[in-house]
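Residue numbers (my numbering): -2 to 492.
Heads up, the beta-carbon is just placed ideally off N, CA and C, and yes, glycines get one too.
Take a look at the structure:
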């Protein structure tokens, strides 16, 4: 049977379908996008470069023309097959802020945003509204729960206010507590498809436990950033029950813990679980994570391989649990600016994929484990301003770290620090150095060499004793030899 006609028909069908699907976005969504643009107030309405801000106003490609395909507009992405809007990038457009024009004469309302503008986008998967100085109410956010397919929601660097407060111009805060059902934002658990949630720097306060309860139904959540808020209480076990979690940032959140509990059941991705493919993340997707002593932005495919934990700038106390060594998939670990005590666990050397470790500004003591030189991927290591002592490791990756990694530890010595180690007064260091010199000179491990030498000596000695016991002739010869040696030596010793 000749299949060529069938193949040609199928090719024509898919070509026509693909062409029609990409012809343009839906009219209702084009109108909704135009309404969003109309709600954005700018000093300069034309598309010339702003002489004050030295930037071109956004949305210049958004024109009120039915022949214009809104899928080609900047900050918009559509599905190639349905033509529906799937991604909206409205970050950092607040030169004059997004607003709802309740009353043109009431300036205090200018920072409110009409969330109903986004509800027509039924297939919206990615919504970025960060860095807009928005003052949103809980009621506004609750409307977003209608976007059932939303996977990425970025509300970073905004603020929330209480609608019940009749003075919106005065900053108020959303309280996550048991005093009000509304305050626990129960609508968040409606986002079943949500994979990225960014709420950093939003002045959120209240119980972290109550906030975490809302997230327990978000089984697909992979990236959670709630840093820079003012939560209180302990880290609840329910937060660690999010098994899909790959990157967690709780930095600068005023969390008070007696310790970083070793009983936590950490997400499976932290301990080497299989990573899922995040094909739906576009290269524009950006996640900020405090690591390598700076705020890094991870974009695109790198998110497939990123697993990190940021608990910096809180009030954790107690020891660092050795169980953290089991989180072998971790690439960034930041426990800086806490009140951790005890020593650095040797088990952290098992984190073979670790790229950044920041334990600075704590109260850690003891020596830096030499086992850490086995982490070949380590690019940043900071233990500054602790109470560490002893010699600084200077092999492998540690030879690349400068003084800033160790400053504020007066008892540390050795390169790259100016303070030299006194090896004569430290027998442990002296023996270690002698062993290192032996290994470097002969290319052997001194511990293995000494162990094998002792074992060989014992075997030969036992064999010699057994031979003398079994053969009386040899035993007689041996004793005669010993007697002759003693007779020869005795006259010299008696003088």
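DSSP, reduced to helix, strand and coil, places residue 479 within a helical segment of the structure shown. Per DSSP, reduced to three states, the secondary structure at residue 226 is coil, with no helix or strand assignment. In this structure residue 341 is in contact with residue 361, their Cβ atoms being roughly 6 angstroms apart against a cut-off of 8 angstroms.
Inter-residue distance for residue 322 and residue 219 is about 21 angstroms (C-alpha atoms, whole angstroms). As computed with DSSP, residue 386 is found in a beta bridge with 408.
Here the C-alpha atom of residue 81 lies approximately 18 angstroms from the C-alpha atom of residue 62. Judged by DSSP in its simplified three-state form, residue 329 adopts strand.
Judged by DSSP secondary structure, residue 377 falls outside any alpha helix (DSSP H) and instead within the beta strand (DSSP E) spanning 377 to 379.
Within the same chain, Cβ atoms closer than 6 angstroms to the Cβ of residue 70 are found at 58, 59, the five residues on either side in sequence being excluded.
In the DSSP annotation of this structure, the continuous segment of the beta strand (DSSP E) that includes residue 195 starts and ends at 193 to 195. Annotated as distal: residue 64 and residue 120, with beta-carbon spacing of 9 angstroms or more. One thing to note: residue 227 has its Cβ no nearer than 9 angstroms to the Cβ of residue 196.
By the neighbour-count criterion, in which 16 or more other beta carbons inside 10 Å mark a residue as buried, residue 373 falls on the exposed side.
Looking from the CA of residue 358, the closest CA among 324, 336, 343, 252 belongs to 336. In this structure, residue 377 sits away from residue 413, with a CB-CB distance that is not shorter than 9 angstroms. Residue 332 and residue 309 do touch by the CB rule: their CB atoms are close to 7 angstroms apart, below 8 angstroms. Apart from sequence neighbours up to five positions away, the residues of its chain that approach residue 465 with a beta-carbon distance below 7 angstroms are 471, 472, 475, ordered along the chain. Here residue 394 carries a helix assignment [DSSP, helix/strand/coil]. Per DSSP, reduced to three states, the secondary structure at residue 146 is coil, with no helix or strand assignment. As a beta-bridge residue in DSSP terms, residue 315 pairs with 337. According to DSSP, residue 246 shares a beta bridge with 222, 307.
Excluding sequence positions up to five before and after residue 230, its CB lies within less than 7 angstroms of the CB of 204, 205, 206, all in the same chain and listed in chain order. Nearest in C-alpha terms to residue 356, of all of 411, 480, 381, is 381. The continuous stretches of beta strand (DSSP E) do not include residue 65, and DSSP gives it neither H nor E. Assigned with DSSP and collapsed to three states, residue 86 falls in strand.
Between the C-alpha atoms of residue 405 and residue 235 there is a straight-line separation of about 37 angstroms. Judged by DSSP secondary structure, residue 205 falls within the alpha helix (DSSP H) whose first and last residues are 205 to 212.
Of 123, 481, 128, the smallest CA-CA separation from residue 89 is found for 128.
Contact annotation: residue 305 and residue 244 have beta-carbon atoms nearer than 9 angstroms.
Straight-line spacing of the CA atoms in residue 32 and residue 123 works out to 19 angstroms. Within its own chain, the residues whose Cβ lies closer than 6 angstroms to the Cβ of residue 367, once the five positions on either side in sequence are excluded, are 390, listed in chain order. Pairing residue 141 with residue 320, the inter-Cα distance amounts to about 39 angstroms. Counted as a single uninterrupted DSSP element, the stretch harbouring residue 351 is not any beta strand (DSSP E), since DSSP gives it neither H nor E. Of 239, 488, 483, 113, the smallest CA-CA separation from residue 209 is found for 239.
Rounded to the nearest angstrom, the gap between the Cα atoms of residue 326 and residue 403 is 26 angstroms.
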